[in-house]
Structures are given as C-alpha cells and as structure tokens.
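Structure, as structure tokens:
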Amino acid sequence: MKVLHLVHQYPPANIGGTELYTDSVAHALAKRGHEVTVLYRGSWPGVGLERHEEEDVLVMKTWAGLLSPNRRFLATLRDVPTAQAFERVLDETHPDLIHIQHLIGFPAVIISIIREQDVPFLITLHDYWWFCANAQLLTNYSRRLCEGPRAYLNCARCALARLGLSGLWPAAPALAMLISWRGSRLRSAMLQASRLVAPSYFVKEQYCSHAVPADRIEVLPHGLEWPQGLKQRQRSDRAVRLAYVGGLSWQKGVHILVDAVRGLRGAVELWIAGDESFDPCYVGRLRDHVLPNQRFLGRLSRERVWEVLSQADVVLVPSLWHETFSLIVHEAFATGVPVVASRVGALTEAIRDGEDGLLLPPGDVDAWRTALQRLVDERDLLAKLQANVRKPMAMEEHTSRLESIYASVL
72 MKVLHLVHQY
82 PPANIGGTEL
92 YTDSVAHALA
102 KRGHEVTVLY
112 RGSWPGVGLE
122 RHEEEDVLVM
132 KTWAGLLSPN
142 RRFLATLRDV
152 PTAQAFERVL
162 DETHPDLIHI
172 QHLIGFPAVI
182 ISIIREQDVP
192 FLITLHDYWW
202 FCANAQLLTN
212 YSRRLCEGPR
222 AYLNCARCAL
232 ARLGLSGLWP
242 AAPALAMLIS
252 WRGSRLRSAM
262 LQASRLVAPS
272 YFVKEQYCSH
282 AVPADRIEVL
292 PHGLEWPQGL
302 KQRQRSDRAV
312 RLAYVGGLSW
322 QKGVHILVDA
332 VRGLRGAVEL
342 WIAGDESFDP
352 CYVGRLRDHV
362 LPNQRFLGRL
372 SRERVWEVLS
382 QADVVLVPSL
392 WHETFSLIVH
402 EAFATGVPVV
412 ASRVGALTEA
422 IRDGEDGLLL
432 PPGDVDAWRT
442 ALQRLVDERD
452 LLAKLQANVR
462 KPMAMEEHTS
472 RLESIYASVL
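For the record, in the sequence shown the residue sitting at position 354 is 425 according to the numbering used here, with numbers rising by one throughout.
Have a look at this one:
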C-alpha cells in the first residue's frame with residue numbers, strides 16, 4: 072500500500088509528540104512492506120520541494136517561510152504555493168491512502184484536493200486544533216483551561232492576547248466572525264475524512280462535545296518503540312531523582328516543579344530536560360529560581376532520553392493543559408519508572424492513581440510539594456509504584472491495528 076503522511080513539522084528539527092509519532096509510525100509501516108512518504112512544511116528559506124530518503128521512508132519538505140502564529144492562522148484560509156506543492160506530491164507519489172497527522176500551517180483546501188483525487192484519507196486528532204485555533208484549549212488571556220468556542224468571542228479575545236493586542240477588545244466581534252468561518256470550514260473538512268482516530272478517550276469526548284458524531288472516531292492509543300533490555304538502573308546514592316522531559320513552556324507547568332521542589336526535605340534532585348530555545352524568557356525565569364539540586368540538561372537526543380529516564384526514580388508531568396496522550400508518560404512506563412502528573416486530560420487514562428503513579432491538581436504547588444515529599448520520605452510507596460508499572464502498547468501492535476483501520480477505508 073502507498074501511504075502518504077501529512078504533518079506540520081518533522082524530526083530532527085522538531086521533536087514534539089506528533090512529530091515523533093509520525094516518524095515512528097512511518098518507519099514501522101515501511102518495515103511491514105508499505106511504500107511510505109511523509110510531507111511536511113519547512114519553516115526555513117528555500118524553494119520548491121526537497122526530497123530525501125530516511126532508510127525506507129521518502130521524506131518531502133515544502134518550504135513555507137517562517138510561520139508566526141498569525142501566518143499559521145492565515146495559511147489555513149489560503150496558501151496557494153503550499154496547495155500547489157501538495158498537488159505535485161500527489162502526482163509524484165500516487166498514494167492509495169493519505170493519513171493526515173496535522174494540518175496546522177497547511178491550507179484547508181488540501182482536503183478538497185484530496186477529495187477531487189478520490190483518495191481515501193483519515194485524520195489523527197493529536198490535539199484540539201480542528202476547533203481551537205490555539206490547539207490546546209488553554210486561553211492566552213487568563214492561562215486557564217477553556218471549554219471551547221462560545222460564539223467565538225472568547226476565541227477572538229484569545230487571539231488578541233496572543234498578538235499582544237488585548238486593548239483592542241472592541242474589535243473582538245469582527246475577529247470572532249473570521250475565527251468562526253475558520254472553525255466551520257475546518258469542521259466541514261474534518262468530517263469528510265474516511266475515519267477519525269483519537270489517541271485517547273478524552274480526545275474523543277472533546278470532539279464529540281463539539282458536534283462530531285461518536286461513530287466517526289476510533290480510539291487508538293499511540294504505540295511506542297523502546298530499546299531492547301531497557302530498564303530502570305539501580306543506583307548506589309540515596310537521593311530521589313525526579314525528572315522532567317518535555318517542552319519548556321508555561322502550559323507544561325515546569326515552574327510548578329521548580330517551586331514545589333523548593334523546600335523539600337531530604338536527599339532529592341530534579342533534572343529538567345527540554346529545548347531551551349523555544350521560550351527563552353520562560354526558561355530564564357526558571358533559571359532565576361534554580362537551586363543547587365536542580366539541573367537543566369538541555370535538549371536531548373532520542374538515545375539520551377532513554378538514558379535519562381533509566382536513571383530517574385520518578386518522571387513528572389505537571390501539565391496545565393488537557394494533554395491528549397503524553398508520549399513521555401508511556402516512555403517512562405516502558406523504562407519501568409512511575410509518573411506523577413496533573414489530573415488533566417488523557418493523563419487520567421494513562422496513570423492509575425496510587426498504583427503506577429500519582430495524579431495531582433494542576434498548578435497546585437502545595438499539593439505537588441506534599442506528594443513529592445511523600446515519595447522522598449516513604450520509600451516503600453515509591454517501590455510500590457515502580458513495581459506496578461506496566462509496559463505501554465508496542466508500536467508493532469499499534470501498527471497492526473492501524474493497518475486494519477486503513478483496510479476498512481479502502
């Protein structure tokens with residue numbers, strides 16, 4: 072089968088959850104005999120399409136120029152060069168099926184092009200972008216969880232705050248009309264898919280609450296590949312090592328950890344790993360409050376991620392937004408490491424509170440400090456959580472189930 076994956080970004084330049092999943096599943100499908108192509112948008116200067124082979128996967132990049140949040144929004148409504156580049160990819164690869172991982176930065180007209188070519192396609196709902204322009208159901212003006220559009224006026228307020236134009240609130244109704252048009256256009260495009268795939272039941276529930284029929288969405292958790300013989304390393308030192316691996320931005324809640332670890336009694340250390348260039352102002356504020364027992368490790372290679380996880384006693388996921396899956400939770404479990412996380416989104420599906428991890432109120436520094444102090448003081452509790460960790464779904468099983476979905480739409 073010829074499969075074309077469409078995604079907004081791709082490793083190694085970008086290593087978020089969607090990008091890493093797309094890379095993994097593309098190679099997994101290729102190993103099972105499929106002819107796989109990945110098309111993504113490059114944000115650097117360039118001309119036309121760039122092609123290169125990554126083992127058994129053809130990777131194609133269409134140059135788009137630097138994409139600010141404003142340009143990404145407008146690209147959804149109209150981007151003729153990218154639409155034309157997509158048509159050239161279709162002419163060259165002749166896919167039997169198209170798997171849309173993310174369309175952010177791509178024009179919505181791509182769905183119409185696919186329909187004109189009569190190629191079946193499915194969409195994985197990696198986040199809430201199809202009905203939330205912010206993609207994370209988290210407001211820019213109050214930094215609180217959002218329940219979705221309310222006549223799109225709250226969306227307009229969110230957009231103005233992101234642009235640094237909160238004072239132009241009187242312009243919100245006009246902007247709301249534009250965002251509403253975007254929402255209706257994307258919903259129409261999304262519902263033309265042969266199948267929608269959600270990585271968690273929480274994501275399915277969110278889309279159903281925004282008028283997507285439940286029978287259109289199939290839940291399939293992401294699969295994971297991990298190194299052979301991977302396990303938590305035994306250490307001679309007595310310090311409890313806490314590890315955060317992920318994005319360094321305020322919605323990820325890393326500042327909650329820095330504040331919570333402050334004041335902990337006993338031998339404890341916090342490792343923080345992530346790309347510090349994404350939001351340098353935020354990272355600067357974190358570093359202003361860093362203690363001697365807190366280390367910043369920077370951006371990690373995939374190999375180094377596994378190494379850090381294997382040396383951790385607990386992995387921390389203090390997210391302030393409704394995570395849709397959280398790759399790092401499952402990577403921790405693959406290593407045999409329990410997870411302490413916010414009680415939000417799909418994290419409540421992945422973690423069995425009190426068995427293989429702990430679930431805590433998001434943003435509550437005192438609750439986090441109390442829970443972490445328990446793990447420092449009660450080594451039996453830590454040992455119990457570690458013993459109860461279960462391996463996540465392997466990529467081989469995930470790919471097999473995905474193939475069944477593919478077959479059902481052909």
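Ideal placement from N, C-alpha and C gives every residue a C-beta, glycine not left out.
Can you have a look at residue i and say buried or exposed, based on whether 16 or more other CB atoms are within 10 angstroms of its CB?
{"i": "H123", "result": "exposed"}
{"i": "M261", "result": "buried"}
{"i": "A417", "result": "buried"}
{"i": "V128", "result": "buried"}
{"i": "G428", "result": "buried"}
{"i": "H173", "result": "buried"}
{"i": "V274", "result": "buried"}
{"i": "P433", "result": "buried"}
{"i": "K323", "result": "buried"}
{"i": "E449", "result": "exposed"}
{"i": "Q155", "result": "exposed"}
{"i": "V74", "result": "buried"}
{"i": "A230", "result": "buried"}
{"i": "G88", "result": "buried"}
{"i": "P389", "result": "buried"}
{"i": "R214", "result": "exposed"}
{"i": "D150", "result": "buried"}
{"i": "E253", "result": "Note that residue 253 is Arg in the sequence shown, not Glu. The residue in question, R253, is buried, as its Cβ has 16 or more Cβ neighbours within 10 Å."}
State the Cα-Cα distance for the pair residue i and residue j, rounded to the nearest angstrom.
{"i": "R312", "j": "W377", "result": "15 Å"}
{"i": "V130", "j": "A97", "result": "10 Å"}
{"i": "R370", "j": "L236", "result": "32 Å"}
{"i": "G317", "j": "G345", "result": "5 Å"}
{"i": "A232", "j": "Y212", "result": "5 Å"}
{"i": "L110", "j": "V190", "result": "16 Å"}
{"i": "P270", "j": "D198", "result": "9 Å"}
{"i": "C279", "j": "L193", "result": "17 Å"}
{"i": "T93", "j": "V78", "result": "8 Å"}
{"i": "D330", "j": "V436", "result": "7 Å"}
{"i": "E158", "j": "A338", "result": "59 Å"}
{"i": "V410", "j": "I422", "result": "7 Å"}
{"i": "S413", "j": "Q80", "result": "27 Å"}
{"i": "N459", "j": "V379", "result": "20 Å"}
{"i": "R333", "j": "D384", "result": "18 Å"}
{"i": "L249", "j": "T133", "result": "27 Å"}
{"i": "Y477", "j": "E468", "result": "14 Å"}
{"i": "M466", "j": "L319", "result": "27 Å"}
{"i": "L148", "j": "N205", "result": "15 Å"}
{"i": "A242", "j": "W321", "result": "27 Å"}
{"i": "W342", "j": "A442", "result": "17 Å"}
{"i": "G294", "j": "M464", "result": "5 Å"}
{"i": "L353", "j": "Q382", "result": "The sequence shown places Tyr at residue 353, not Leu. Going by the C-alpha atoms only, they are around 26 Å apart."}
{"i": "D350", "j": "R356", "result": "10 Å"}
{"i": "A403", "j": "G238", "result": "44 Å"}
{"i": "P178", "j": "K462", "result": "39 Å"}
{"i": "L481", "j": "G113", "result": "30 Å"}
{"i": "G425", "j": "I184", "result": "49 Å"}
{"i": "I181", "j": "V325", "result": "37 Å"}
{"i": "L100", "j": "H401", "result": "21 Å"}
Do residue i and residue j have their C-beta atoms closer together than 8 Å?
{"i": "I171", "j": "R143", "result": "no"}
{"i": "A310", "j": "L387", "result": "no"}
{"i": "I288", "j": "L257", "result": "no"}
{"i": "P292", "j": "F396", "result": "yes"}
{"i": "G407", "j": "Q303", "result": "yes"}
{"i": "T164", "j": "T108", "result": "yes"}
{"i": "Q188", "j": "L168", "result": "no"}
{"i": "Q305", "j": "R186", "result": "no"}
{"i": "R336", "j": "Q444", "result": "yes"}
{"i": "N85", "j": "L234", "result": "no"}
{"i": "W201", "j": "I327", "result": "no"}
{"i": "V415", "j": "E394", "result": "yes"}
Less than 8 Å between the CB atoms is what I'm expecting for residue i and residue j, so what's the real figure, rounded?
{"i": "L246", "j": "W392", "result": "Incorrect: roughly 23 Å between the Cβ atoms, too far for contact."}
{"i": "L398", "j": "L91", "result": "6 Å"}
{"i": "N364", "j": "E347", "result": "Not really, about 19 Å apart at Cβ, beyond 8 Å."}
{"i": "A405", "j": "W297", "result": "4 Å"}
{"i": "S251", "j": "Y223", "result": "4 Å"}
{"i": "T470", "j": "R103", "result": "6 Å"}
{"i": "V290", "j": "Y272", "result": "6 Å"}
Would you say the beta carbon of residue i comes nearer than 7 Å to a heavy atom of the ligand NAD?
{"i": "G87", "result": "As for the ligand NAD, it is missing from this structure, which has no ligand bound."}
For chain D, is any of its Cβ atoms less than 8 Å away from the one on residue i?
{"i": "R142", "result": "Structure shown: chain D not included; a single protein chain is present."}
Inset, instruction - Could you tell me which uninterrupted alpha helix (DSSP H) segments, each at least 4 residues in length, are contained entirely in the stretch 295-364, listed from first to last along the chain? - result: 325-332 and 351-359
Inset, instruction - Entirely within the stretch 215-283 and at least 4 residues each: give me those alpha helix (DSSP H) ranges in chain order. - result: 224-233, 243-261 and 272-279
Legend entry - Whole alpha helix (DSSP H) elements within the stretch 131-169, 4-residue minimum: 140-148 and 151-164
Legend entry - 4-residue-minimum alpha helix (DSSP H) runs that sit fully inside the stretch 361-400, ordered along the chain: 373-381
Legend entry - Completely contained beta strand (DSSP E) runs for the stretch 172-204, where each covers 3 or more residues: 192-195
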